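**Student:** To start, I am sharing the structure in question, which I have written as structure tokens.
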Amino acid sequence: MEYNFKEIEKRWQQYWIDNKIYRVTEDKNKPKYYVLDMFPYPSGAGLHVGHPLGYIASDIYSRYKRLKGFNVLHPMGYDAYGLPAEQYAIQTGQHPAITTAQNINRYREQLDKIGFSFDWSREIQTCDPRYYKWTQWAFIKMFNSYYCYDEQQARPIEELIEAFGSVGTEGMNIACSEELHFSAAEWKSYSEKEQQEILLNYRIAYLSDTTVNWCGALGTVLANDEVINGLSERGGYPVEQRLMRQWSLRVSAYAQRLLNGLDAIDWSESIKETQRNWIGRSEGAEMKFKVKDSDIDFEIFTTRADTIFGVTFMVLAPESEYVFQVTTEDKKAEVEEYVKATKRKTERDRQMDKKVSGVFTGAYAINPLNGKEIPIWVADYVLAGYGTGAIMAVPGHDSRDHAFAKHFNLPIIPLIEGADVSEESFDAKEGIMMNSGFLDGLQVKDAIEKARQYIKENNLGRIKVNYRLRDAIFSRQRYWGEPFPVYYKGDMPYMLPIDKLPLELPEVDKYLPTETGEPPLGRATKWAWDAVNEKVVDNTLIDHKTIFPLELNTMPGFAGSSAYYLQYMDPYNPDELVAKEKVEYWRNVDLYIGGTEHATGHLVYSRFWDKFLYDIGVSCEDEPFKKLINQGMIQGRSNYVYRINGTNKFVSYNLKDQYETQELHVDVNIVSNDILDLEAFKAWRPEYETAEFILEDGKYICGWAVEKMSKSYHNVVNPDDIAEKYGADTLRIYEMFLGPLEQSKPWDTNGIDGVHRFLRKLWNLFYKGDEFVVTDDVPTKDELKALHKYIKKVTGDIEVFSFNTSVSASMICVNELTALKCSKKAILQELVIVLAPFAPFIAEELWHALGNETSVVNAQWPVYNEEYLVEDSFIYGVAFNGKVRFDLEFPADVQQKDVEETVLNHELAQKWLDGKTPKKVIFVPKKMINVVL
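At position 125 of the sequence shown the residue is numbered 125 (UniProt numbering), and the sequence of numbers has no breaks.
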């Protein structure tokens, strides 16, 4: 019987579905293991072969852990909200829910073909109201919470209201946007609106005026990672900085816990370091600088208080509220123009840009330590969100300050003995302080400490820990996203009752902003909240007494992806996000696999979200993902054809230098082993229908290069095509065989034939023609050795996620068993189990052919026996003066005297001895024999 992978894969795919093979429930008799993939956004293009790489790896490990006796949760769902679906809806008028459903169906079809062991009974989609009900619920909980630094956790806002009523802000150590001071009596005297405004200063989900990346063409705010070089990633439209009233999440309150948590999880050091840098903890001093001839003073934060004597100018961020307060009349127009230009840059652009720019405000600050006047500048290398949005510039210490001072010819005072102020980098960790008044002669470390104490003792400022981590902007001016459960009395937000969730997305006539600039939800005609009857009603009924307008913004993409791992534990619970007994069983994710592009955004926000849910007793673990692996990228292997200039004639690769040609990308799907299918090429595009070819040896050879997999390069490989031609098992094994999981590697279809031949060779161990040849005979010693060597190797490799070497070991084992003509059930049955995680379809087929009635998924992972791996004898290379001349086999326990006697008397040795008496024979057991003449 031939290896008919199409028939096999179709049969077992349906068997797994019909028998719910991958459905999992809580089982306290088994240890749990939770494997999770970063769930995909379902695009219309479907999957290309790069997408399944991480899924295949997680599937192998899931199957392996199940075979090892674990109760494995391996779910899948879809990050279904997003800008692409909305933009498509704008272009076509088709509701994004329709295209999203179509894309999801396409993804599901592809994923099933590849044979993943996902428990589809737990599937979630972020656009499903049953799902985003709990995102809305979490948002309400955040709105009704504040963060207490003393207790290091979120607490109910009611506690804070009670404290304000009894002691005001006295003794408060809590997270806030701005430090406020009021007494209990003052709090009680405030109106409801005033109290609500104050509470927004402390809520974990809060409303405030925030600088955002605004894209007018898309009509929405964009996250930093959606902006590239000042343009939107989608569409390439201009993006500018704009101050808008936005919802934010107080992620910064959790900065220290987010840092501490990195020490307790098994992630790569590179990802941890990326997160540490993103969080950016720094210890320093906050000081006030008074503006000359003014009542204004502003605060700066510095980690190097000892460098204050080297300050030669101050810099304000262009967004700082102080800019126009201090700017003199004669400088106003110049400053306004500079601030306007800065709005066209994102924060990331400003951080990456090495070009120096700035403008003088005309004002001066006073150095609080020595009373010197310092010019105040505005420059875009200072960001409003870090520290206070103002810096004291020390060009004798800081490279960016140095570049700025050189550009504008400002003074540079050296502070470290031996420092070369002509250089643009400085070693601030070592050296003796100089030109620093009372700090002269001190080591840097001692100078920092002395300066901090001086500032504190003389009330010039305070010691403070600062973080680079920013609060997350949580509003988007889009239609296709989770609605906020918020209505407004005047301009103050109020939450919907939790028992009235979900607040579902309304219908609109268009998916564009309104003519007056409101977000798309401004087009909804039934989008008002009846606070008495607690339901959504028509907008015409709004009276601002009992019926109020609902929020017009929607939540960003990360809203739905921040706590999705918890929903998989209990996806259809209408009463709570996750039942206590289920979260206490599954706890958190044991293995999380996804791309490095999520190193900051998603992974920081999901960790924050989990810590908040932990604080309120929903999550039972302070970290959501115990182990994280970032799979590498599969790059495309592009192919090229060479058109002779001015013709429609194409010349083969090795002949192209004889002509003047134009190099063109060609669809890799009509190229096999770099040989172009000429008829398929002529049919590919109308312009090539009349193409002519100059061939070599009757073939057209294409050029090639490794590039990003992209439609524009025509190097996107559809996994469906690979599965159709070679089978899903071949695709799975080949993707793992390409190289180490965490490294990027090129897709090269040229190597896939070898993997397919390996599976056919495996098949031929069981079948000769139509005959099933497996016997119940007792295995030989060599067969047992080959098998147990294989079990040991693959077990060790899977545990360290070295799947490429597991595949190599599989090929070696099948080759050895083929050479031994092994057809023993005792050997082949164990072989099938070990191969099952990698090639589940053929493994299921062969498992049943061996007479098993249950799925191979439920088998038991074999344990290797070291006794079978003990060598009885070894083959030694016999060397003369270090050069191996022939081989001899000796028992494993052979003694040196026996080795010497046998070697020296062997007929093959006589030629090399040439009648000479050896000086000595060096014998290293199990390694070498060397005769020294």
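We put the CB at the ideal spot given by N, CA and C, even for glycine. Bear in mind the structure is a predicted one, so any value in this text is a computation, not a measurement.
Decide if L731 is buried, meaning its Cβ has at least 16 other Cβ atoms within 10 Å, or exposed.
**Tutor:** buried
**Student:** Measuring only the C-alpha atoms, how far is Q241 from G481?
**Tutor:** Rounded to the nearest angstrom, the two C-alpha atoms are 22 Å apart.
**Student:** Starting from the N-terminal side, write out each stretch of the beta strand (DSSP E) that is 3 residues or longer and does not extend beyond the region 169-235.
**Tutor:** Taken in chain order, the complete beta strand (DSSP E) segments of 3 or more residues contained in the region 169-235 are 205-215 and 220-222.
**Student:** Report the residue from I752, R637, E692 and T795 whose alpha carbon sits nearest the alpha carbon of N645.
**Tutor:** When C-alpha distances from N645 are compared across I752, R637, E692 and T795, the shortest belongs to E692.
**Student:** Beta-carbon within less than 7 Å of K824's beta-carbon, same chain only, minus the 5 sequence neighbours each way: which residues are those?
**Tutor:** T775, D777, P779 and E783
**Student:** Ordered along the chain, which non-local residues of its own chain (more than five positions away) have a Cβ less than 7 Å from that of E178?
**Tutor:** Cβ neighbours of E178 beyond the five flanking positions: N201.
**Student:** With a floor of 3 residues, list each beta strand (DSSP E) that falls wholly inside the region 590-625, ordered by position along the chain.
**Tutor:** 591-594
**Student:** Using three-state DSSP, classify F408 as helix, strand or coil.
**Tutor:** coil
**Student:** Assuming V227 contacts V239 under a Cβ cut-off of 8 Å, what Cβ separation, rounded to an integer in Å, is found between them?
**Tutor:** Going by Cβ atoms, the distance from V227 to V239 rounds to 5 Å, so yes, they are a contact pair.
**Student:** When burial is assigned at 16 or more other CB atoms within 10 Å of the CB, is L243 buried or exposed?
**Tutor:** exposed
**Student:** May I ask which residues mark the beginning and end of the beta strand (DSSP E) holding D776?
**Tutor:** Premise fails: D776 is in no beta strand (DSSP E) and is neither H nor E.
**Student:** What is the C-beta distance between L603 and Q275, in whole angstroms, given that I count them as a contact (C-beta under 8 Å)?
**Tutor:** Indeed, because the Cβ distance is near 7 Å, the residues count as touching under 8 Å.
**Student:** Please classify V167 as buried or exposed, where buried requires at least 16 neighbouring CB atoms within 10 angstroms.
**Tutor:** exposed
**Student:** Where are the beta strand (DSSP E) runs, 3 residues long or more, that stay fully inside the region 306-364, in chain order?
**Tutor:** 313-316
**Student:** Which class does G877 belong to by DSSP, given the choice of helix, strand or coil?
**Tutor:** Three-state result, G877: strand.
**Student:** Kindly provide the ranges of any beta strand (DSSP E) runs that are 3 or more residues long and lie completely inside the region 473-557, ordered along the chain.
**Tutor:** For secondary structure counted as the beta strand (DSSP E) over 3 or more consecutive residues, the region 473-557 holds these complete runs in sequence order: 486-489, 492-495, 528-530, 535-537 and 547-549.
**Student:** For a minimum of 4 consecutive residues, which ranges assigned as the alpha helix (DSSP H) are wholly contained in the region 52-107?
**Tutor:** Runs found: 52-67 and 83-92.
**Student:** Which same chain residues end up closer than 6 Å to A80 when comparing Cβ atoms and leaving out the 5 residues on each side of it in sequence?
**Tutor:** Shown here for A80: same chain residues with a beta carbon closer than 6 Å to its own, the five before and five after excluded, namely T100, Q125, T126 and C127 in chain order.
**Student:** Inspect the beta-carbon positions of E844 and V834 and report whether they are closer than 9 Å.
**Tutor:** no
**Student:** Look up E283 in the DSSP assignment and say whether it is helix, strand or coil.
**Tutor:** Reduced to three states, the DSSP call for E283 is strand.
**Student:** With a cut-off of 8 Å, do at least 3 Cβ pairs link the region 564-583 to the region 506-522?
**Tutor:** no
**Student:** Round the Cβ separation of A563 and D610 to the nearest angstrom and send it over; I've been treating them as touching at under 8 Å.
**Tutor:** 7 Å
**Student:** Between which two residues does the beta strand (DSSP E) containing D398 stretch?
**Tutor:** D398 -> no beta strand (DSSP E), and no H or E assigned at all.
**Student:** Taking only three categories from DSSP, how would you classify A839?
**Tutor:** Residue state, collapsed to three classes: coil.
**Student:** Which term fits P42, buried or exposed, when burial requires 16 or more other beta carbons within 10 angstroms of its beta carbon?
**Tutor:** buried
**Student:** On the criterion of 16 or more Cβ atoms from any shown chain inside 10 Å, does F841 qualify as buried, or is it exposed?
**Tutor:** buried
**Student:** Compute the distance between the beta-carbons of S252 and L469, then report whether it is under 9 Å.
**Tutor:** yes
**Student:** Who does G115 pair with in a DSSP beta bridge?
**Tutor:** According to DSSP, which records beta bridges pairwise, G115 is partnered with nothing at all.
**Student:** Taking the beta carbon of M1 as the centre, do at least 16 other beta carbons fall within 10 Å, making it buried, or is it exposed?
**Tutor:** exposed
**Student:** Go ahead and label P571 buried or exposed: buried means 16 or more other beta carbons lie within 10 angstroms of its beta carbon, across all protein chains shown.
**Tutor:** With 16 or more Cβ atoms within 10 Å of its Cβ, P571 is classed as buried.
**Student:** Could you check whether the region 300-314 touches the region 439-452, counting it as contact only if at least three pairs of C-beta atoms, one from each stretch, sit closer than 8 Å?
**Tutor:** yes
**Student:** In whole angstroms, give me the CA-to-CA distance for K272 and G280.
**Tutor:** 12 Å
**Student:** Can you give me the start and stop residues for the beta strand (DSSP E) that V641 sits inside?
**Tutor:** I634 to I644
**Student:** Could you check whether the region 134-143 touches the region 495-503, counting it as contact only if at least three pairs of C-beta atoms, one from each stretch, sit closer than 8 Å?
**Tutor:** Yes, the region 134-143 touches the region 495-503.
**Student:** Taking the CB atoms as reference points, tell me whether P318 and D380 lie closer together than 9 Å.
**Tutor:** yes
**Student:** F766 by DSSP, collapsed to three states: which one?
**Tutor:** coil
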